[in-house]
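A.B. asks: Read in order, the letters of the sequence shown correspond to residues 121 to 205 in the working numbering. A virtual CB, placed ideally from N, CA and C, is assigned to each residue, including glycine. These numbers were taken from a predicted model, which means no experiment stands behind them.
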Amino acid sequence: QRYVMALLYIIGQGNDWQYNDFWLNGSHECEWQYVECLGEERGQVGKNVTELNLYTNSIKGFIPSEIGFLEHLEVFDLARNKIKG
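This is how it looks when you write it as structure tokens:
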């Protein structure tokens, strides 16, 4: 899942995102800004990404087809961005 999310970041010009704290900085992807994972609701860092809430974040480019590999993803919000796919 880290590879898929890194791909989204790179293709979506993540360095220009309005909100990109902790993305690709060496921390677990479940600690990246606006990423939710299974288990977080109990105060634990989960292991499976369940939500990507990236609305209004200056994302450009396209959605990589690999996003389908995030098998636990339930919410994928890219509203108000300049993204295709």
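By Cβ distance below 8 Å, which residues in the same chain neighbour residue 153 in space, the five residues on each side in sequence not counted?
C.D. replies: Working through the sequence shown from its first residue, we reach residue 153 at position 33. So the list reads 139, 140, 141, 142, 143, once near-sequence residues are dropped.
A.B. asks: Let me check understanding here. Comparing Cα to Cα, which of 195, 205, 128 lies closest to residue 172?
C.D. replies: Here residue 172 refers to the residue found at position 52 when the sequence shown is read from its first residue. Checked all of 195, 205, 128; the closest Cα to residue 172 is 195.
A.B. asks: Based on DSSP bridge pairs, tell me the residues matched to residue 203.
C.D. replies: Residue mapping note: residue 203 aligns to position 83 of the sequence shown, counting from 1. Partner(s): 181.
A.B. asks: Suppose you measure from the CA of residue 185 to the CA of residue 205; what does that come to, to the nearest Å?
C.D. replies: Position 65 of the sequence shown, counted from the first residue, corresponds to residue 185. Position 85 of the sequence shown, counted from the first residue, corresponds to residue 205. Those two C-alpha atoms are separated by around 8 Å.
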